[in-house]
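Participant:
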Amino acid sequence: SIFSVKSKVSYFKIVEKDRGISYGYSFITKAKSQIVTIPVGYGDGYSRSLSNVGSVLIRGKKYPIIGTICMDQFMVDVSKADAYIGDEVVLIGRQKDKEITIKEIADECKTISYEILCLFNERLPRVYID
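Whatever position you read off the sequence shown (first residue = 1), add 36 for our numbering.
1. Nearest to R84 by alpha carbon, out of G103, D123 and L93?
2. When the Cβ atoms of the segment 55-64 are set against those of the segment 72-80, are three or more pairs found closer than 8 Å?
3. Would S40 count as contacting chain C if we go by Cβ distances under 9 Å?
4. Counting only the same chain and skipping the five closest in sequence on each side, list residues whose C-beta sits under 6 Å from that of I114.
5. Verify whether the separation of the beta carbon atoms of E52 and K66 is less than 9 Å.
6. Considering just the uninterrupted stretch of the alpha helix (DSSP H) at K139, what are its terminal residues?
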């Protein structure tokens with residue numbers, strides 16, 4: 037993959053059934069859930085259109101974004117799985133045999149791939165690899 041966007045799990049919490057997640061409680065847990073926080077948000081260029089729609093890769097598995105994407109963070113439901121603070125999170129790119137493409141993100145946001153690429157700003161550090 038030529039381009040990827042990665043972060044790490046910054047927080048882990050077990051949440052009881054019927055609890056609201058994020059601004060306006062746009063997601064309500066249907067059962068006791070394991071929720072992790074990812075420290076990337078719309079302030080970094082990660083589209084709010086992915087709220088309750090998008091997904092990320094953690095430990096080679098795809099997990100749903102839940103709740104509204106905030107300025108500096110968003111939440112992911114990792115129930116019935118292993119995820120720990122510090123685990124790598126792939127927002128765009130490949131992890132093991134799974135991949136999230138820029139086109140997939142663009143389709144979920146109902147836009148074009150170029151717009152997704154242009155949204156990411158200087159708050160996200162760049163790493164160039166030969």
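Cβ atoms here follow ideal geometry from the backbone N, Cα and C, with glycine treated the same way.
Facilitator: The answer reads as follows:
1. The residue given as residue 84 occupies position 48 in the sequence shown. Answer by Cα proximity: G103.
2. no
3. Note that chain C does not occur in the displayed structure, where there is just one protein chain.
4. Stepping through the sequence shown from its first residue, residue 114 is reached at position 78. One detail in the question is off: residue 114 reads as Val in this sequence, not Ile. Correct list, in chain order: Q70, V72 and Y99.
5. Taking the sequence shown and counting its residues from 1, one reaches residue 52 at position 16. Taking the sequence shown and counting its residues from 1, one reaches residue 66 at position 30. It is not a contact, given that the beta carbons lie outside the stated cut-off.
6. Stepping through the sequence shown from its first residue, residue 139 is reached at position 103. Run containing K139: I138 to C145, per the alpha helix (DSSP H) assignment.
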